[in-house]
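*Asks:*
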Amino acid sequence: MRITICKDIREMTKKVAGEVAETIRGNPNIVLGLPTGSTPEELYKELVLLHKDQGLDFSRVITFNLDEYYGLPASHPQSYHTYMDQHLFGHININRKNVYIPDGMTKDIGDHCRLYEANIKRHGGIDLMLLGIGRDGHIAFNEPGSSLTSRTRIKTLAPETIEDNARFFKSKDEVPRYALTMGIGTIMEAKKIILMANGKNKAEALGLTVEGPITHMVAASILQMHNRVIIYTDEEAAAQLKHIPYYKHEEKSWLTTVEY
Ligand code: F6R
């Protein structure tokens, strides 16, 4: 695991956008895993700028979103379909045939989730997975207690998540109670993972993720078992990390190994 502590979200998103752009340039057919929420908003802005100013080409990029609220149609203003259109897909030259987002209105959840997994496999797996982290340590919507080997499925949102996401809805009561989400096992099969954390309300979750024990009560802690994870954090989210001097020292001379 590599840890990069950035001054603020601006510096963090610039670095992540640079890394994503470099990866796309190196492999135009890349398969990306994409999050929603407030953390990646700035990142998507940067990627749109890189597309507009430097011609970053998304025409062959394939994307799989991590999750979608169950019960919201794609056209709902707060669906993740709408979010992705507004923040990224509506502004870049992505081929809509290459975009996968779970269907929150699916009639057959089991089949839909199996097909989602099959599509990821058919495209050769996810090359680069981008993640945010919830206040309760969730990645995608793998809430505390999620099986560490879980696959794409329906999950009940935790009260903290409903509270946190109420800011996007008119009231807390409007936040869906369920989501279709990639599983932890699905996420762990990605070849490389970047997790972004910012703000002081993520500090406890990040501290436990990086330096705590691996436990399904902090889903992100499973990332300790992956050999290519980079965590980009701002100073506020890094506040509970105890080994910052080592992370900074290591970052100065990161080795070009494929395993971290
Ligand atoms: C959403 C997702 C979630 C968010 C997490 C943090 O697609 O996968 O795990 O990344 O809830 O959300 P923000 O960035 O809004 O704090």
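Per the numbering used here, the sequence shown starts with residue 538, numbered consecutively. Every residue, glycine too, gets a C-beta built ideally from N, C-alpha and C.
Are Ala-716 and Tyr-606 close, meaning C-beta to C-beta below 9 Å?
*Replies:* Here residue 716 corresponds to residue number 179 of the sequence shown, with the count starting at 1. Here residue 606 corresponds to residue number 69 of the sequence shown, with the count starting at 1. Yes, the Cβ-Cβ distance between Ala-716 and Tyr-606 is below 9 Å.
*Asks:* Just to check, is the beta-carbon of Tyr-617 closer than 8 Å to a non-hydrogen atom of the ligand F6R?
*Replies:* Counting from 1 along the sequence shown, the entry for residue 617 is found at position 80. Answer for Tyr-617: yes, Cβ within range of the ligand F6R.
*Asks:* Mapping DSSP to helix, strand and coil, what is Arg-690?
*Replies:* Taking the first residue of the sequence shown as 1, we reach residue 690 at position 153. Strand.
*Asks:* Evaluate Asn-702 with the Cβ neighbour count: other Cβ atoms within 10 Å of its Cβ, from every protein chain shown; 16 or more gives buried, anything less gives exposed.
*Replies:* Translated into the one-based positions of the sequence shown, residue 702 becomes position 165. By the neighbour-count rule (16 or more Cβ atoms within 10 Å), Asn-702 is buried.
*Asks:* For the ligand F6R, any of its heavy atoms closer than 8 Å to the Cβ of Pro-572?
*Replies:* Within the sequence shown, residue 572 is the residue found at index 35, counting from 1. Checking every heavy atom of the ligand F6R against the Cβ of Pro-572, one is found closer than 8 Å.
*Asks:* Using only alpha-carbon positions, find the residue among His-624, Arg-714, Lys-729, Arg-672 that is nearest to Lys-737.
*Replies:* Sequence index remark: in the sequence shown, residue 737 carries index 200 (1-based). It is Arg-672.
*Asks:* Quick one: what does DSSP say Arg-633 is sitting in, helix, strand or coil?
*Replies:* In the sequence shown, the residue the question calls residue 633 occupies position 96. Three-state result, Arg-633: helix.
*Asks:* May I ask you to check if the CB of His-675 is nearer than 8 Å to at least one heavy atom of the ligand F6R?
*Replies:* As a first step, residue 675 must be located in the sequence shown, where it is residue number 138. Indeed, a heavy atom of the ligand F6R lies less than 8 Å from the Cβ.
*Asks:* Starting from the C-beta of Arg-633, find all residues in its chain whose C-beta is less than 8 Å away, skip the five residues before and the five after it, and write them out in chain order.
*Replies:* As a first step, residue 633 is located in the sequence shown; it is residue number 96 there, counting from the start. Answer for Arg-633: Phe-626, listed in chain order.
*Asks:* Between Met-621 and the rest of its own chain, which residues show a CB-CB distance below 6 Å, the 5 nearest in sequence each way excluded?
*Replies:* For the purposes of this step, residue 621 is identified with residue 84 of the sequence shown, where counting begins at 1. Closer than 6 Å at the Cβ level, and outside the excluded window around Met-621, lies no residue.
*Asks:* Hey, Tyr-653 and Thr-600 are a contact pair by Cβ (cut 8 Å); roughly how many whole angstroms apart?
*Replies:* Counting from one through the sequence shown, the residue named residue 653 turns up at place 116. Counting from one through the sequence shown, the residue named residue 600 turns up at place 63. Incorrect: roughly 13 Å between the Cβ atoms, too far for contact.
*Asks:* Please classify Asn-602 as buried or exposed, where buried requires at least 16 neighbouring CB atoms within 10 angstroms.
*Replies:* As a working mapping, residue 602 is identified with position 65 in the sequence shown. Result: buried.
*Asks:* Taking a contact to mean a Cβ-Cβ separation below 9 Å, would you say Val-598 touches Ile-561 in this structure?
*Replies:* To locate residue 598, count along the sequence shown from 1; it is residue 61. To locate residue 561, count along the sequence shown from 1; it is residue 24. Against a cut-off of 9 Å, the Cβ pair of Ile-561 and Val-598 comes out as a contact.
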